[in-house]
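First residue of the sequence shown: 8, per my numbering; consecutive thereafter.
Cβ coordinates follow ideal geometry from the N, Cα and C atoms, glycine included.
Keep in mind that this is a model prediction, so the values were computed, not measured.
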Amino acid sequence: MLEIIVTLVLELVKCLAPPAERQLVYLLERNYSANLENLKAEMEKLMVERTSIQRRVSEAKEKGEDIEEKVEKWLVSANGIIDRAAKFVEHEESTNKRCLKGLCPNLKTRYQLSKKAETEMKALLELGEEVKKFDIVSHRTIPEEIWLKSNKGYEAFESRVSTLKSIQNALTDANVSIIGVYGMGGIGKTTLVKEFVRQASENKLFDRVVFSEVSQTPDIKKIQGEIAEKLGLELSDEAEYRRASRLYERLKNENKILVILDNIWKHLDLDTVGIPFGNDHEGCRLLLTARDINVLLSMGSKDNFLIGNLNEEEAWRLFKIMNGDDVENCKFKSTAINVAQACGGLPIALTTVARALRNKSLHEWKNALRELQTPSVVNFEGVPAETYSSIELSFKYLKGEQLKKIFQLCSLIGNSFCLIDLLRYSMGLGIFHRVNKMEDARNKLYALVHELRDCCLLLEGDCNETFSMHDVVCDVAVSIACRDQHVFLVRNEAVWEWPDEDALKKCYAISLLNSSIHEVSEEFECPQLEFLYIDPQITFSEVNIPDNFFKGMKKLRVVDLTR
């Protein structure tokens, strides 16, 4: 009866007051029921859309991508409106039983609920339309260099601070596009440059800073990839010149960018990499580091800064920091000062020796001084005798054979490595005694690697789960391994020869790093060989390996053919 009365009133209002008609419609039970059903339907649709977006967001986060701000806001809104709608429906059911199904329906309640149902439904519809515009929900994260947060290895010595100021002045000079930093290996070039970048980032001298290590044998695609990653640019696995062209155009879009090419050993063609400079792009500045100033000059760098050895006062200060301030007050301070002086003011020698002699007795300090004052023969070009002896001394003071084996194993697989690879090799070689579970082995390896880092023999990597080894430390480690363990290693060589038959029979490990190899002998007798690591300059499928290549390797435990 009430529904009939409302209908008659509604027809009358249509003629007399149209605006009032829109309000009276909410009193009709059929209209109210329709609004509720529509609300439930739209709520279910939006819940499906929300689930889909949440799944895409989760997948993006697993890839380390950043979620679009509009998507995050949409999810917050969707969660809110769905919660409100669900509570409304639940409340409606109880209200409907209590008020609308009785003999005396509550018109005020019906009006309010009907109107609210329509309002919530419209909000659901709007969010449903908005989600259709989400072509993407995330974008690639441009990773921040770990060392930008804190350059732990840097000490503000007067000699370094003055060089930092000179570098900053040069790079803010509109007439300078390339500058260079040079000095012997282990002198602290990279550490100084990273400190400059950290300060430049804080002071916002550049819009972007990108960093790539070139190394002794440049890998153009690797350099291109590292720079592109910092720019959020995806480079497909295409020809170098195409990648260079895309990188060149991307760099030209930057107004103020600093490109750092670290550890350059020989002339590097910037056009081949795809780096604009000078008149090609005045907003792009280059900072190069090398051991030889002639390399910098060949690349057009006229403003070059030498990083020299630390003076005695600075060297002693660094030595104390690395060893502990107690050395200042100990009874053998004079011996400690002589040990620091024997390191020749070279930071890498000072840090490794100071860490190695922590908590050692006077006899050990005196023995260390004697060894440093009678340097070993150096087998690698560019490693000073005192540096070689310093690192060798640090190796001798490593506690336990496991730690020494991990240190030498790191040197056999290059300057940088992933812990998961090192774990596989360690397990394969049986380095960890009485360890049968992978989790136990991982914990043991992590402890050893961090101990090597604390001894300054390893460095933090560019990302989690990676570590690196300074090339000077790596050179010495390889020399020790070749001398003590019958290791054959070839690194960055286009032309080389296998050792003679007798030497091969004694080999414990063979490592070919970024070296030319096209074929191997059919008769390869290495009865003592346990570790074989080959990372050729070409794809390994191009290397001709005979079927019986491994026949003479009865003790082989680890094989890694990386390409």
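Query - Cβ pair I427, E472 closer than 8 Å - result: Taking the sequence shown and counting its residues from 1, one reaches residue 427 at position 420. Taking the sequence shown and counting its residues from 1, one reaches residue 472 at position 465. In this structure, the beta-carbon distance from I427 to E472 falls below 8 Å.
Report task. Following the continuous beta strand (DSSP E) through L270, name the residue where it begins and the one where it ends. Result -> If you number the sequence shown from 1, residue 270 lands on position 263. The displayed chain sequence assigns Asn, not Leu, to residue 270. For N270, the enclosing beta strand (DSSP E) has its first and last residue at 264–271.
Requested in this report: Would you tell me roughly how many angstroms separate the C-alpha atoms of Q231 and L43, rounded to the nearest one?
Outcome: Locating residue 231 in the sequence shown gives position 224, where the first residue counts as 1. Locating residue 43 in the sequence shown gives position 36, where the first residue counts as 1. Roughly 59 Å between the two C-alpha positions.
Requested in this report: Keeping to the same chain, check which residues put their C-beta closer than 6 Å to that of V168; ignore five residues upstream and five downstream.
Outcome: Within the sequence shown, the letter at position 161 stands for residue 168. Counting only Cβ-Cβ distances below 6 Å, and skipping sequence neighbours, we find nothing.
Query raised in the report: Taking three-plus beta-carbon pairs below 8 Å as touching, is the segment 337–355 in contact with the segment 394–410?
Result: Three or more beta-carbon pairs separated by less than 8 Å link the segment 337–355 to the segment 394–410, which places the two stretches in contact.
Query raised in the report: Taking contact to mean at least 3 C-beta pairs separated by less than 8 Å, is the segment 331–343 in contact with the segment 187–199?
Result: They do not touch, by the three-pair rule.
Query raised in the report: Would DSSP call D491 helix, strand or coil?
Result: Here the question's residue 491 lines up with position 484 in the sequence shown. In the three-state reduction of the DSSP assignment, D491 falls in the helix class, which pools H, G and I.
Report task. Write down every uninterrupted run of the beta strand (DSSP E) in the segment 209–273 whose length is 3 residues or greater and which is fully enclosed by it, in chain order. Result -> If we require 3 residues or more, the beta strand (DSSP E) runs fully inside the segment 209–273 come out as 215–222, 264–271.
**Report entry** Separation of H288 from M50, as counted between CA atoms
**Finding:** Here the question's residue 50 lines up with position 43 in the sequence shown. Here the question's residue 288 lines up with position 281 in the sequence shown. Each residue's Cα considered, the two are about 54 Å apart.
Query - When Y255, Y248, V221, S222 are compared against A235, the one with the closest alpha-carbon - result: Sequence index remark: in the sequence shown, residue 235 carries index 228 (1-based). Nearest of Y255, Y248, V221, S222 to A235, Cα basis: Y255.
Requested in this report: Along the beta strand (DSSP E) that carries N311, what are the first and last residues, could you check?
Outcome: Taking the sequence shown and counting its residues from 1, one reaches residue 311 at position 304. Per DSSP, the continuous beta strand (DSSP E) segment holding N311 begins and ends at 310–313.
Report task. For F557, I'd like the list of residues in its chain whose CB is within less than 7 Å of its CB, leaving aside the five on either flank, ordered along the chain. Result -> Residue numbering aside, residue 557 sits at position 550 when the sequence shown is read from its first letter. Only L563 meet the Cβ criterion.
Query raised in the report: With a Cβ-Cβ cutoff of 8 Å, do E247 and I227 count as a contact?
Result: By one-based count along the sequence shown, residue 247 stands at place 240. By one-based count along the sequence shown, residue 227 stands at place 220. Annotated as proximal: E247 and I227, with beta-carbon spacing under 8 Å.
Requested in this report: Give me the Cα-Cα distance between V78 and A92, rounded to the nearest whole angstrom.
Outcome: Position 71 of the sequence shown, counting from 1, holds the residue named residue 78. Position 85 of the sequence shown, counting from 1, holds the residue named residue 92. Answer to the nearest angstrom: the Cα atoms are 21 Å apart.
**Report entry** As assigned by DSSP and simplified to three states, the class of Y189
**Finding:** Position 182 of the sequence shown, counting from 1, holds the residue named residue 189. In the structure shown, Y189 sits in a strand (DSSP, three-state: E or B).
Report task. Indicate, with yes or no, if the ligand GDP has a heavy atom lying under 7 Å from the CB of I314. Result -> Questions concerning the ligand GDP fall outside what the structure shown contains, since it holds no ligand whatsoever.
**Report entry** F1 in three-state terms, based on DSSP
**Finding:** As shown, the chain starts at 8 and ends at 570. That puts residue 1 outside it, with no answer to give.
Requested in this report: Please list, in chain order, all residues of the same chain as P25 whose beta carbon is under 6 Å from its beta carbon, the five residues on each side excluded.
Outcome: Reading the sequence shown from its first residue, position 18 is the one you call residue 25. Caution applies to P25, whose pLDDT of 49 falls short of 50 and renders its modelled position unreliable; the value that the coordinates give is listed next. Hits under 6 Å: none found.
Report task. Could you tell me if V83 is buried or exposed, where buried requires 16 or more neighbouring beta carbons within 10 angstroms of its beta carbon? Result -> The sequence position of residue 83 within the sequence shown is 76, counting from 1. Residue environment analysis places V83 among the exposed positions, since fewer than 16 neighbouring C-beta atoms fall within 10 angstroms of its C-beta.
Requested in this report: Rounded to whole angstroms, what's the CA-CA distance from L268 to L294? Just pull it up for me.
Outcome: Counting from 1 along the sequence shown, the entry for residue 268 is found at position 261. Counting from 1 along the sequence shown, the entry for residue 294 is found at position 287. Take the alpha-carbon of L268 and the one of L294: they are about 6 Å apart.
Query raised in the report: Which residues in the same chain as S401 place their Cβ atom closer than 8 Å to its Cβ, once the five residues preceding and following it in sequence are excluded?
Result: If you number the sequence shown from 1, residue 401 lands on position 394. If we look at S401 and ignore the five residues flanking it on each side, its Cβ neighbours are T359, V360, R362, A363, C462, C463, L464.
Query - Contacting residues, own chain, Cβ-Cβ under 7 Å from G331 (five flanking each side not counted) - result: Counting from 1 along the sequence shown, the entry for residue 331 is found at position 324. Excluding positions up to five away in sequence, the list reads R365.
**Report entry** Under 8 Å between C-beta atoms of A85 and L134
**Finding:** By 1-based counting over the sequence shown, the position of residue 85 is 78. By 1-based counting over the sequence shown, the position of residue 134 is 127. Taking 8 Å as the Cβ cut-off, A85 and L134 qualify as a contacting pair.
Query raised in the report: For R29, which three-state DSSP category applies?
Result: As a first step, residue 29 is located in the sequence shown; it is residue number 22 there, counting from the start. Its pLDDT being 47, under 50, R29 is placed unreliably by the model, and nothing is read from it.
Query - Coarse secondary structure for F402, derived from DSSP in three states - result: Taking the sequence shown and counting its residues from 1, the one referred to as residue 402 is at position 395. Helix at F402.
Query raised in the report: Around the C-beta of G3, are 16 or more other C-beta atoms found within 10 angstroms, so that it is buried, or is it exposed?
Result: Because the chain is modelled from 8 through 570, residue 3 falls outside the range shown and cannot be assessed.
Query - Own chain, CB closer than 7 Å to G290, minus 5 neighbours either side, in chain order - result: For the purposes of this step, residue 290 is taken as residue 283 along the sequence shown, with counting starting at 1. Excluding residues within five positions, the ones whose Cβ falls inside 7 Å are E261, N262, K263, I264.
Requested in this report: Just the C-alpha distance for K94 and E209, rounded to the nearest angstrom, thanks.
Outcome: Here residue 94 corresponds to residue number 87 of the sequence shown, with the count starting at 1. Here residue 209 corresponds to residue number 202 of the sequence shown, with the count starting at 1. K94 and E209: Cα-Cα distance of roughly 49 Å.
Query raised in the report: Bridge partners of S423, per DSSP?
Result: Along the sequence shown, one-based indexing puts residue 423 at 416. In DSSP, S423 forms a bridge with S475.
Query raised in the report: Is T381 buried or exposed, if buried means 16 or more other CB atoms sit within 10 Å of its CB?
Result: Stepping through the sequence shown from its first residue, residue 381 is reached at position 374. T381 is exposed by the Cβ-count criterion.
**Report entry** Endpoints, beta strand (DSSP E) assigned at L455
**Finding:** By one-based count along the sequence shown, residue 455 stands at place 448. Here L455 belongs to no beta strand (DSSP E); instead the alpha helix (DSSP H) covers 445–461.
Requested in this report: Please state if the CB of L53 and the CB of I89 are separated by a distance shorter than 8 Å.
Outcome: Here residue 89 refers to the residue found at position 82 of the sequence shown. Here residue 53 refers to the residue found at position 46 of the sequence shown. Yes.
Query raised in the report: What does a CB cutoff of less than 8 Å around L110 pick up in its chain, not counting 5 residues either side in sequence?
Result: On the sequence shown, position 103 is the one that residue 110 refers to. With a pLDDT of 42 at L110, under the threshold of 50, the modelled position of that residue is not reliable, and the figure given next carries that caveat. Cβ neighbours of L110 beyond the five flanking positions: none.
**Report entry** V346 and L379 closer than 8 Å at C-beta
**Finding:** Position 339 of the sequence shown, counted from the start, is the residue given in the question as residue 346. Position 372 of the sequence shown, counted from the start, is the residue given in the question as residue 379. Going by C-beta atoms, V346 is nearer than 8 Å to L379.
Query - Cβ-based burial, K202 [other Cβ within 10 Å; buried from 16] - result: As a position in the sequence shown, residue 202 is number 195, starting the count at 1. The question names Lys, but residue 202 in the sequence shown is Glu. With a threshold of 16 other beta carbon atoms within 10 Å, E202 meets it and is buried.
Query raised in the report: So is K172 buried or exposed if we call it buried at 16+ other beta carbons inside 10 Å?
Result: Within the sequence shown, residue 172 is the residue found at index 165, counting from 1. With fewer than 16 Cβ atoms within 10 Å of its Cβ, K172 is classed as exposed.
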